[in-house]
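Colleague:
There are 2 protein chains.
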Amino acid sequence: MFKSITNRVKMSQLCHSSITASRINLMDLGNHYSYPLTPSGSVESINVSTRKTIKQAIFEKITTITKAGPQLEPSPFYVCDLGELKRQLGLWNQVLPFVKPYYAVKCNPNAKFVETLIKFGNVGFDCASLDEIRTVCHIYESLGYSTADFKDNVIYANPVKPVSHLLYANNKNINLTTVDSIEEVEKIAKFTNGRMNVLIRITTDDSTATCPLSVKFGADLRYSCQIVQRCLDLGIRIRGIAFHCGSGFKDPSTLIKAVSDSRKLWDHINTRQYEDCDVLDVGGGFSKDSFLEPAVVLRNELLEKFGNRINDGSIKVISELGRFLTASVYTLTTNVIGVRNELDSNKVRVYLNDGLYGNLNCILYDHQEVEPVVTTSAGNFVYHDAEEREPNKRQYSLWGPTCDGLDCVVKKTQLSHHVQCGDWISFENCGAYTNAAATTFNGFTNEFECIYVDSEI
Amino acid sequence: MFKSITNRVKMSQLCHSSITASRINLMDLGNHYSYPLTPSGSVESINVSTRKTIKQAIFEKITTITKAGPQLEPSPFYVCDLGELKRQLGLWNQVLPFVKPYYAVKCNPNAKFVETLIKFGNVGFDCASLDEIRTVCHIYESLGYSTADFKDNVIYANPVKPVSHLLYANNKNINLTTVDSIEEVEKIAKFTNGRMNVLIRITTDDSTATCPLSVKFGADLRYSCQIVQRCLDLGIRIRGIAFHCGSGFKDPSTLIKAVSDSRKLWDHINTRQYEDCDVLDVGGGFSKDSFLEPAVVLRNELLEKFGNRINDGSIKVISELGRFLTASVYTLTTNVIGVRNELDSNKVRVYLNDGLYGNLNCILYDHQEVEPVVTTSAGNFVYHDAEEREPNKRQYSLWGPTCDGLDCVVKKTQLSHHVQCGDWISFENCGAYTNAAATTFNGFTNEFECIYVDSEI
């Protein structure tokens, strides 16, 4: 099922290729595409080599915990594969080399992850609050960068900003933010003396997204024109347009409309404002398993509508990438704290030490479905060891550790192996919107060890 | 709408009254009942005197924040009215004086709140994890109590326990827990050398509850008998029965069935076990605004089924009270960080600095509906100041501070006053399952100031 990779992209290859404004399609891209594709053209979630690296890390960690004995609390832990991160960045830069990723820190605010991205270079940061701006600035500074070096790599991309956060950003010389209302423009004018520049966030038709955003943010074109006028009245510089098609959007035509609307508003602003726009923020919402089609649609549409500006370098196109850069990078491994065999049936309830109030809050907040991978069975390490599957499959339900009946991780599934109390179950693709919103409900911890590996080394 | 109270219960009155096994009904209770009742027999949520105390605290806090200027982040804050807590305890002890409350720490793990309950006396603690046990034990110890003094006041009431947590409880001499499976009994036997006693948690029909629990926990009577046998085989002492009708249950007849089932299993255990059972845990799920009817049903049923044992003192009846003791005690006040007047309509979007990822996670996890109270309007303090209402009401939606479209606090409401950026909005009845599961998603804080007042002083 998982094809091997013979020609992986290395970090040295992550430089921008030259761009022509000609349209490309998925087949063109496939010809020189170095990632394993499924028959439908999507990218395989996790390949064999990556899994081997992660498997080794999980094995070593579980061995260490087991040796420590039952007194040690066997907390859930993550394995973060920086090799997978490199490949995701490489994939993005192959398909959309003229769109600079700005990592959406909210997706997974892990400091080492942010530091790694800074070291990789050519990645900016989308911050949603004072604390995220502070985190990113501190890491830049600890690596020896001055504010002048990195300030253009940080965008305060929350259309509604508490005044105290806005003042902090302004004091740190972060001078690009998004707005979608006249009131926000007035707030910026009042508190930053016109130093903060803005992108006008327009609405998109994100009705097909798993997590739609336009219900909360974005201005339609008519209202956007009023915002433009207010900016001009108050002397706020408009740097360009931002849109977001919603996390996990499914209809690539949404992108066509959004780019087209952006172009209309872009032209409108440029006829009104002394300085031309120079930034287009195309948002995020991409996921690894359905990346290529929308990415190619976006590429084609950007080249169609903004090709000349992209080629002459007078526009900076940026994206707010979260899930795409993190989901497949992190594997979560949880401990089985209890098992209950239902009376007179083949049903088994499995209780884990992580759940909807912990790292798996994504099930509730993010509508994510997670897939359990039995990692140890009766103490034996069986991670993706399909050959030892039991012939008779039972029906399992998986539950979190809290006293809340809502805390159900998987209602009904079959597991590859039988599990008992003390065994471990992993969840791959768990890096996006997971630990970012874990709680301490019922007194369970929300601080977890993260083991870093690199499947590209 | 809010009646004044002329005869409030003081803490000195919280002693147990003598009990007779005769049945009582709601009308009997009403004759000597000192709380304001609505025509339907429910208790008023918040009375005038309480509100005055809370209002003063909110006013002072906002005044302080406003004086500090816009650089200060105006975080959300709580006002905790310990007078209201006293009244809730008094109400419980009036209606169910023979049922000792064990506070469900998970509901609101505020350390000062736990300390206050210890100081009040006659309250135990329902802990769900190692951390909650540690918190409660540390507070007891800091107040000069020895483990021998308080160990019977702590129950580890999570039917599924991580081994490391079980070992901790055992080492702290906490020796009462709940079980609902044979596997858990075997775990206890293996790791505590039979020192941990158990209550068998039975299922209830909690299908009418806002947060049903029996989907996750509880054993039916037939399975319970098998658990009993396994306890006897392994030398685990069964102290009695536990049930929980689900948080916010609506059908009091559920209680009748649960008490009746408890009696059947109780008798079964007593015929099998050398030592008689002596603890019945009647769970929680009560809320202030629908308390009296189910409480009287429970009282009558307990006296019917366990009256003799209650009167001769050979049974300890305990309850797991969370929402009932905390909800009305805490008022949350949040700051308006942004306002957006929709184009060509009377609709206004209001963005708050708290939401579904913060203290108002109860909306998602707990199915709670919250009611906004405009606290300042254009900077003027108008908390429950109905006389200054605007004649023309607009349609408001209220949103949290994160970038997630799901983060909607109230979809559609009318507010008593117009609000603008910088104003404050309060939410009463926000003490249950709120800050207990607040997150730092998007970099917003989950640590908030809590101001303590006492409307009984």
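So the protein lines, in turn, are chains A and B. FYI, in the numbering used here the residues of the first sequence are 593 to 1049. FYI, in the numbering used here the residues of the second sequence are 593 to 1049. The beta carbon of each residue, even a glycine, is placed where N, CA and C say it ideally should be. Just so it is clear, the structure is predicted and the values come from calculations on it, not from any experiment.
Can you grab the Cα-Cα spacing for the pair residue 657/B / residue 970/B, in whole Å?
Modeller: Residue mapping note: residue 657/B aligns to position 65 of the second sequence, counting from 1. Residue mapping note: residue 970/B aligns to position 378 of the second sequence, counting from 1. Near 15 Å, if we compare the C-alpha coordinates of residue 970/B and residue 657/B.
Colleague: Counting pairs of Cβ atoms below 8 Å between the region 775 to 783 of chain B and the region 797 to 816 of chain B, do you hit three or more?
Modeller: Verdict: no, contact absent.
Colleague: For residue 833/B, which three-state DSSP category applies?
Modeller: The residue you call residue 833/B lines up with position 241 of the second sequence. Of the three classes helix, strand and coil, the one that applies to residue 833/B here is strand, per DSSP.
Colleague: Please specify which runs of the alpha helix (DSSP H), each continuous and at least 4 residues long, are wholly inside the region 759 to 836 of chain B, giving them in chain order.
Modeller: The region 759 to 836 of chain B contains these whole alpha helix (DSSP H) runs: 774 to 784 and 813 to 826.
Colleague: Alpha carbons only, please: which of 703/A, 723/A and 643/A is nearest the one belonging to residue 735/A?
Modeller: Here residue 735/A is taken as the residue at index 143 of the first sequence, counted from 1. Comparing Cα positions, the closest option is 703/A.
Colleague: What residues of chain B sit near residue 724/A, judged by a beta carbon separation below 9 Å?
Modeller: Translated into the one-based positions of the first sequence, residue 724/A becomes position 132. Going along chain B in sequence order, the residues near residue 724/A (Cβ under 9 Å) are 1034 and 1035.
Colleague: Between 1042/A, 863/A, 695/A and 761/A, which has its C-alpha nearest residue 923/A's C-alpha?
Modeller: Here residue 923/A refers to the residue found at position 331 of the first sequence. Minimum Cα distance to residue 923/A is reached at 1042/A.
Colleague: Taking residue 987/B as the reference, which of 998/B, 976/B, 825/B and 942/B has the closest Cα?
Modeller: Within the second sequence, residue 987/B is the residue found at index 395, counting from 1. Here the closest residue by C-alpha is 942/B.
Colleague: Are the C-beta atoms of residue 665/A and some chain B residue less than 8 Å apart?
Modeller: The count along the first sequence starts at 1 and reaches residue 665/A at position 73. Yes, its Cβ sits closer than 8 Å to a Cβ of chain B.
Colleague: Have a look at the DSSP bridge pairing and note the partners of residue 719/A.
Modeller: Reading the first sequence from its first residue, position 127 is the one you call residue 719/A. 748/A, per the DSSP bridge assignment.
Colleague: Taking Cβ positions, are residue 847/A and residue 804/A nearer each other than 8 Å?
Modeller: By 1-based counting over the first sequence, the position of residue 847/A is 255. By 1-based counting over the first sequence, the position of residue 804/A is 212. Contact flag unset, no.
Colleague: Please classify residue 741/B as buried or exposed, where buried requires at least 16 other C-beta atoms within 10 Å of its C-beta.
Modeller: Start at 1 with the first residue of the second sequence, and residue 741/B comes out as number 149. Classification of residue 741/B: exposed, given that the 10 Å Cβ count is below 16.
Colleague: Work out the CA separation of residue 975/B and residue 726/B for me, nearest whole Å.
Modeller: Position 134 of the second sequence, counted from the start, is the residue given in the question as residue 726/B. Position 383 of the second sequence, counted from the start, is the residue given in the question as residue 975/B. The alpha-carbon atoms of residue 726/B and residue 975/B are separated by roughly 39 Å.
Colleague: Is the shortest distance between the beta-carbon of residue 922/B and the beta-carbons of chain D less than 8 Å?
Modeller: The structure shown has no chain D; the protein chains it does contain are A and B.
Colleague: So, helix, strand or coil for residue 930/B, using DSSP?
Modeller: By 1-based counting over the second sequence, the position of residue 930/B is 338. Three-state DSSP puts residue 930/B in a strand.
Colleague: With C-beta atoms as the reference, is residue 838/B less than 8 Å away from residue 786/B?
Modeller: The residue given as residue 838/B occupies position 246 in the second sequence. The residue given as residue 786/B occupies position 194 in the second sequence. Against a cut-off of 8 Å, the Cβ pair of residue 786/B and residue 838/B comes out as no contact.
Colleague: Go through its chain and collect everything with a Cβ distance to residue 724/A's Cβ below 6 Å, but skip five positions before and after it.
Modeller: Taking the first sequence and counting its residues from 1, one reaches residue 724/A at position 132. Closer than 6 Å at Cβ, skipping near neighbours: 697.
Colleague: Taking the beta strand (DSSP E) that residue 1042/B falls in, what are its first and last residues?
Modeller: Here residue 1042/B corresponds to residue number 450 of the second sequence, with the count starting at 1. 1041 to 1045 is the extent of the beta strand (DSSP E) around residue 1042/B.
Colleague: What would DSSP say about residue 1037/A, mapped onto helix, strand or coil?
Modeller: As a first step, residue 1037/A must be located in the first sequence, where it is residue number 445. Of the three classes helix, strand and coil, the one that applies to residue 1037/A here is coil, per DSSP.
Colleague: I'd like to know whether the C-beta of residue 903/A is nearer than 8 Å to at least one C-beta of chain B.
Modeller: The residue you call residue 903/A lines up with position 311 of the first sequence. No, its Cβ sits nowhere closer than 8 Å to a Cβ of chain B.
Colleague: Quick check on this structure: which residue in 910/B, 900/B, 884/B and 1010/B has the alpha carbon closest to the alpha carbon of residue 933/B?
Modeller: Your numbering for residue 933/B matches position 341 in the second sequence. The candidate whose alpha carbon is nearest that of residue 933/B is 1010/B.
Colleague: Enumerate in chain order the residues of its own chain whose CB-to-CB distance from residue 759/A is below 7 Å, with the five nearest sequence positions on each side excluded.
Modeller: In the first sequence, residue 759/A corresponds to position 167, counting from 1. Excluding residues within five positions, the ones whose Cβ falls inside 7 Å are 783.
Colleague: Using the rule of at least 16 other Cβ atoms within 10 Å of the residue's Cβ for burial, across every protein chain shown, is residue 904/B buried or exposed?
Modeller: Mapped onto the second sequence, residue 904/B falls at position 312. With fewer than 16 Cβ atoms within 10 Å of its Cβ, residue 904/B is classed as exposed.
Colleague: Find the residues of chain A that neighbour residue 662/B, judging by a C-beta separation of less than 8 Å, and give them in chain order.
Modeller: Taking the second sequence and counting its residues from 1, the one referred to as residue 662/B is at position 70. 755, 756, 759 and 783, listed in chain order.
Colleague: If contact means a Cβ-Cβ distance below 9 Å, which residues of the region 694 to 712 of chain B contact chain A?
Modeller: Listed by position along the chain: 696, 697, 698 and 701.
Colleague: Going along chain A, which residues have a C-beta under 7 Å from residue 932/B?
Modeller: Taking the first residue of the second sequence as position 1, residue 932/B is located at position 340. Near residue 932/B (Cβ distances below 7 Å), the residues of chain A are 773 and 775.
Colleague: Is the CB of residue 964/B under 8 Å away from at least one CB in chain A?
Modeller: Translated into positions along the second sequence, residue 964/B becomes position 372. Output row for residue 964/B: interface = no.
Colleague: Within the continuous beta strand (DSSP E) that includes residue 1005/B, where are the two ends?
Modeller: Indexing the second sequence from 1 puts residue 1005/B at position 413. Residues 1000 to 1005.
Colleague: What are the boundary residues of the beta strand (DSSP E) that residue 912/B is part of?
Modeller: For this step, residue 912/B is matched to residue 320 along the second sequence. Counting along the chain, the beta strand (DSSP E) containing residue 912/B begins and ends at 908 to 913.
Colleague: Taking all protein chains shown into account, do 16 or more other C-beta atoms lie within 10 angstroms of the C-beta of residue 652/A, making it buried, or fewer, making it exposed?
Modeller: In the first sequence, the residue the question calls residue 652/A occupies position 60. Exposed, by the Cβ-count rule.
Colleague: By Cβ distance, which residues of its chain are closer than 8 Å to residue 1015/B, with the 5 residues on each side in sequence left out?
Modeller: Against the second sequence, residue 1015/B aligns to sequence position 423. Closer than 8 Å at Cβ, skipping near neighbours: 927, 928, 966, 967, 968, 969, 970 and 971.
Colleague: When DSSP labels each residue in this structure, what does residue 903/A get in the three-state scheme?
Modeller: Locating residue 903/A in the first sequence gives position 311, where the first residue counts as 1. It is helical.
Colleague: For the region 893 to 912 of chain B against the region 816 to 830 of chain B, are there 3 or more C-beta pairs whose distance is under 8 Å?
Modeller: Counting Cβ pairs under 8 Å, fewer than three are found: no touch.
Colleague: At a Cβ threshold of 8 Å, is residue 1030/B touching chain A?
Modeller: Taking the second sequence and counting its residues from 1, the one referred to as residue 1030/B is at position 438. Yes - at least one Cβ of chain A is within 8 Å of the one on residue 1030/B.
Colleague: Should residue 1024/B and residue 699/B be called a contact, given that it needs their Cβ atoms to be closer than 8 Å?
Modeller: Start at 1 with the first residue of the second sequence, and residue 1024/B comes out as number 432. Start at 1 with the first residue of the second sequence, and residue 699/B comes out as number 107. Closer than 8 Å, so yes.
Colleague: Mind checking residue 665/B: buried by the 16 CB within 10 Å criterion, or exposed?
Modeller: Locating residue 665/B in the second sequence gives position 73, counting from the first residue. With 16 or more Cβ atoms within 10 Å of its Cβ, residue 665/B is classed as buried.
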